[in-house]
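In the UniProt record's numbering, the protein residues as written are 1 to 321.
Pasting the structure below:
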């Protein structure tokens, strides 16, 4: 059963377009143009798109920070407009950059503050804050001022803040951006653990490797429109991306596969049946007394697929706003 349902979400922003040093004109930017999707309970759903595609706008609408101009959305059976309070009680939000922390307060004091905003007593908020600092590996920095935290520490504290109310839905907007590889890995491990606990997670990122690693489903968004929604493997297949058989065979005579280069037969073939093709290549090499120097099956990456789709969409004039 779907825990999050977005149906025809639309959002426009009015802004100013500069025409020179002293002139400007009003401009309407369509951030979302009828976005619809569903996220099952306990699933991790990623929104992927270039800057300005509509990812953060979607997240903010689901978090009740923005009202849609049209369309509806439900979170845990609650309407995001008519039942915004109920939605907030079961939702945790991590935005980048998170400007909601007080620099002079410690990490723990910041969490206690937000826990009390959710209605916890000071004692309960402190207990919950300590639990979360332990979870995100910040217990040793609990009493350090927030302004002394590194980027990675700030990101982990932002994740802890998003969890302060023990939400059923987590909205994570670029949680690993600007963080060193070790810090980003720690965030990914935390997200994977939260998913195993049954949290429903909507995630945005420009790091397509981590999107592919973490996601049950991916939505490709550009110019406020969804181009594709589905599991990463399904999206690859839908757009014609197949596994590739890569092999190098040393053979003194002719070989029926690949092309001859520097005395070796090089094979690069995209196929729906990679295991069968690779088995045939190995069998043929054995029958002819040839040596298989290299043999592997390479799956197309989500990044390859997404870049090709974006380029094709941009070439047709459907650029992001």
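For glycine and all other residues, C-beta sits at the position ideal for the given N, C-alpha and C.
With a cutoff of 8 Å on beta-carbon distance, residue 34 and residue 71 are scored as near each other.
Nearest to residue 148 by C-alpha distance, out of 80, 130, 29 and 103, is 103. One thing to note: residue 277 has its Cβ no nearer than 8 Å to the Cβ of residue 266. By the neighbour-count criterion, in which 16 or more other beta carbons inside 10 Å mark a residue as buried, residue 283 falls on the exposed side.
Taking 8 Å as the cut-off, the Cβ atoms of residue 203 and residue 44 count as close. Taken in chain order, the unbroken stretches of beta strand (DSSP E) that lie wholly in the segment 28 to 108 and span 3 residues or more are 44 to 48, 70 to 75 and 91 to 94. If you look at residue 282, you'll find it in the alpha helix (DSSP H) that goes 274 to 287. Between the alpha carbons of residue 250 and residue 55 lies a distance of about 50 Å. By the CB criterion at 8 Å, residue 186 and residue 156 fall inside the cutoff. Take the alpha-carbon of residue 181 and the one of residue 205: they are about 14 Å apart. In the DSSP assignment, the residues bridged to residue 222 are 225. Beyond the five residues adjoining it in sequence on each side, residue 274 comes within less than 6 Å, by CB distance, of 243, 245 and 297 in the same chain, given in chain order. With contacts defined as CB atoms closer than 8 Å, residue 141 and residue 115 fail to qualify as a contacting pair.
Assignment of residue 256 by DSSP, reduced to helix, strand and coil, places it in the coil class. The DSSP assignment places complete beta strand (DSSP E) segments of no fewer than 3 residues inside the segment 169 to 229 at 169 to 173, 200 to 204 and 217 to 222, in order along the chain. Rounded to whole angstroms, the gap between the alpha carbons of residue 129 and residue 111 is 5 Å.
Contact annotation: the segment 16 to 36 does not touch the segment 77 to 93, with fewer than three C-beta pairs closer than 8 Å. Here residue 255 has 249, 265, 284, 285, 288 and 290 as same chain residues with Cβ atoms under 8 Å from its own Cβ, once five neighbours each way along the sequence are excluded. Looking only at 73, 95 and 191, the smallest Cα-Cα distance to residue 154 is reached by 95. Under the three-state reduction of DSSP output, residue 145 falls in the strand class. Per the coordinates, the alpha-carbon of residue 90 lies some 26 Å from the alpha-carbon of residue 212. Under the three-state reduction of DSSP output, residue 164 falls in the coil class, being neither helix nor strand. With a cutoff of 8 Å on beta-carbon distance, residue 37 and residue 6 are scored as near each other.
For residue 221, same chain residues with a beta-carbon under 8 Å away, outside a window of 5 residues either side, are 35, 47, 48, 49, 53, 54, 55, 58 and 227 in chain order. Rounded to whole angstroms, residue 161 and residue 109 show a C-alpha spacing of 11 Å. Shown here, residue 265 sits in a strand according to DSSP, grouped into three states. Partner residues in the beta bridge of residue 295, as assigned by DSSP, are 247. Residue pairing by DSSP places residue 15 opposite 27 in a beta bridge.
Within its own chain, the residues whose Cβ lies closer than 8 Å to the Cβ of residue 294, once the five positions on either side in sequence are excluded, are 246, 247 and 248, listed in chain order.
For residue 301, the closest of 259, 131, 239 and 209 by C-alpha to C-alpha distance is 209. Taking a C-beta distance under 8 Å as the contact criterion, residue 11 and residue 32 qualify as a contact pair.
Taking C-beta separations shorter than 6 Å and ignoring five residues to either side along the sequence, the partners of residue 133 in its chain run 139 and 142, following chain order.
Approximately 10 Å separates the beta-carbon atoms of residue 1 and residue 42; this is outside 8 Å, ruling out the contact. When rounded, the separation of the alpha-carbon atoms in residue 252 and residue 261 is 13 Å.
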